[in-house]
Ligand code: ATP
Ligand code: MG
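Numbering (full-length UniProt numbering), first residue to last: 1 to 209.
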């Protein structure tokens, strides 16, 4: 189902709300480019760049990457994909980032994933990730076909260093103080779909896994 005009969307939500999973299904169905801030950061960390090492210490403490670093990283990517449709997953996470994005391009729609904090804590600590693709599994409700291995590549899955209970608590705090205000910002400036339920979405035949 290809789109006939340029379409640009933002997917936001608390850590572990399923931004990665929902975004991959939407981008696959509509042929959009999927840009995930977390995946871009982890690729930098894997490449062991100087910036990557600084980022890793931030991420492992459950803190956000500074706005100027983050905006430069993502917006240069967006400028390079001038005429294409995309979906941004994990950016913006602060009002400053949202303003920087608006200064660069126009966003058509914003989807907020609504998941309670109690669910998130339990989910993140049972999450397994295929780091190079960003594919995620959950040992309770979305296990890989072969335990410990990625369905597509057969490569080993890992638990992210920032999915420990202590770091998850810090990430939720950062979400409340820094990211929730972004919803207020978007409700005043954009079409915001603020009650998007990722569980209902996962059951929808429109967006096959
Ligand atoms: P998901 O819903 O996909 O599970 P998540 O919140 O668990 O999302 P990522 O989006 O992969 O995870 O982000 C991981 C970490 O990377 C964040 O905790 C934060 O430290 C950093 N990060 C990602 N995006 C941003 C951003 N836009 N600004 C600042 N820091 C960011
Ligand atoms: Mg993610």
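Using N, Cα and C, we set each Cβ at its ideal position, and we do this for glycine too.
Close beta carbons around residue i, own chain, < 8 Å, minus the five adjacent residues each side
i	result
residue 77	35, 40
residue 187	194
residue 117	14, 172
residue 156	148, 149, 150
residue 165	121, 125
residue 204	none
Residues bridged to residue i [DSSP beta-bridge criterion]
i	result
residue 128	137
residue 8	86
residue 192	110
residue 158	129
Own chain residues within Cβ distance below 7 Å of residue i, not counting five before or after
i	result
residue 181	95
residue 197	114
residue 42	131
residue 112	12, 13, 183, 192, 193, 194, 196
residue 108	7, 8, 9
Residue i, DSSP secondary structure in three states
i	result
residue 44	helix
residue 170	helix
residue 109	strand
residue 65	coil
residue 211	The structure shown has nothing for residue 211, since the chain only spans 1 to 209.
residue 36	strand
residue 152	coil
residue 199	helix
residue 95	helix
residue 14	coil
residue 181	helix
residue 116	coil
residue 209	coil
Beta carbon proximity, residue i to chain C, threshold 8 Å
i	result
residue 182	Here chain C cannot be found, since the structure has a single protein chain.
The alpha helix (DSSP H) enclosing residue i, as first and last residue numbers
i	result
residue 145	No alpha helix (DSSP H) holds residue 145; DSSP gives it neither H nor E.
residue 51	50 to 60
residue 23	19 to 30
Cutoff 6 Å; reference residue i; Cβ partners in own chain excluding five residues on either side
i	result
residue 84	33
residue 25	207
residue 58	65
residue 101	92
residue 88	10, 35
Residue range of the unbroken beta strand (DSSP E) whose run includes residue i
i	result
residue 205	First-last for residue 205: undefined, no H or E at that position.
Contact test: residue i Cβ vs the ligand MN heavy atom, cutoff 7 Å
i	result
residue 19	The model depicted lacks the ligand MN and carries the ligand ATP and the ligand MG instead.
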